[in-house]
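Asker: Residue numbers (the working numbering): 11 to 267. Quick one: this structure, given as structure tokens, is what I'll be asking you about.
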Ligand SMILES: Nc1ncnc2c1ncn2[C@@H]1O[C@H](COP(=O)(O)OP(=O)(O)OP(=O)(O)O)[C@@H](O)[C@H]1O
Ligand SMILES: [Mg+2]
């Protein structure tokens, strides 16, 4: 089993608040790793640290064997580590197609220089990107919305668009921060199936969510986060049986289920 992402002793405080403390886990190549935990457990902070949005106080991150601790986002994206956001980040006035197309050029200079030069390289880069956009629109069930402005899409489709934009960067590892937040359980099941398809196409996935049902449906292994550190790591069946997890987090969900 090859490690794609190795997180070792990662810590981040905001003034006196220890948001992430001594976090350790590995994402293996080809797997779907879930991260679950209650509000304020540090999940988004962990994703921000892994994706270069913020820098850790301590600890290290290795991606494909290279130390990438504190590396800025654009370099991580160029290496194949891409994240989505808990809230959608789209250009609301632009069409779905334009948003995804822009994503394919987001972290490369090929678009800029070849556009300036108007070269044949530009044309083939453009065509390759356009093909990729078509593929992504199909994969994420957005084909019927290609000419709609992004801001006019229903919420679930906006989440799908956020995912399409992330995938436009051709990631090796994609970090998904609550891709199913605010969706009905039917829509969440659809997202789980789409993410499975993305994983089957060769992309390693780390996915954050509150909902154990969603995570269990989707993930090979789960990291349970509590007070900024891992409480338990295992298969969905293992973590849902873990007494510490039940007490810390799942108890209340089971009671209300
Ligand atoms: N930029 C910041 N400045 C100060 N405190 C922050 C900052 N970002 C996060 N925090 C705090 O760090 C803790 C962890 O927050 P984080 O957003 O990582 O949790 P989360 O697990 O993603 O929660 P949620 O499930 O609500 O998305 C919280 O107490 C939060 O208020
Ligand atoms: Mg969060």
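Cβ coordinates follow ideal geometry from the N, Cα and C atoms, glycine included.
Note down the Cα distance separating residue 171 from residue 184, rounded to an integer number of angstroms.
Answerer: Whole-angstrom Cα-Cα distance: 14 Å.
Asker: Just the C-alpha distance for residue 252 and residue 241, rounded to the nearest angstrom, thanks.
Answerer: If you take the alpha carbons of residue 252 and residue 241, they lie about 10 Å apart.
Asker: Following a CB-centred definition, is residue 268 positioned closer than 7 Å to any heavy atom of ligand 1?
Answerer: For residue 268 there is no data in the structure shown, the boundaries of the chain being 11 and 267.
Asker: I need the straight-line Cα distance from residue 92 to residue 55, nearest angstrom please.
Answerer: Whole-angstrom Cα-Cα distance: 15 Å.
Asker: Do three or more CB pairs link the segment 207-227 to the segment 19-33 at distances below 8 Å?
Answerer: Too few Cβ pairs lie closer than 8 Å, so no.
Asker: Which one of 75, 63, 113 has the shortest CA to CA distance from residue 13?
Answerer: It is 75.
Asker: Given that a residue counts as buried once 16 or more other Cβ atoms are within 10 Å of its Cβ, and exposed if not, what is residue 24?
Answerer: The residue in question, residue 24, is exposed, as its Cβ has fewer than 16 Cβ neighbours within 10 Å.
Asker: In this structure, how does DSSP classify residue 63 when only helix, strand and coil are distinguished?
Answerer: In the structure shown, residue 63 sits in coil (DSSP, three-state: anything other than H, G, I, E or B).
Asker: Excluding the 5 residues preceding and the 5 following residue 18 in the sequence, name in chain order all residues of the same chain whose CB lies nearer than 7 Å to its CB.
Answerer: The answer, listed in chain order, is 34, 69, 70.
Asker: Measure the C-alpha to C-alpha separation of residue 40 and residue 206 and round it to an integer number of angstroms.
Answerer: About 11 Å.
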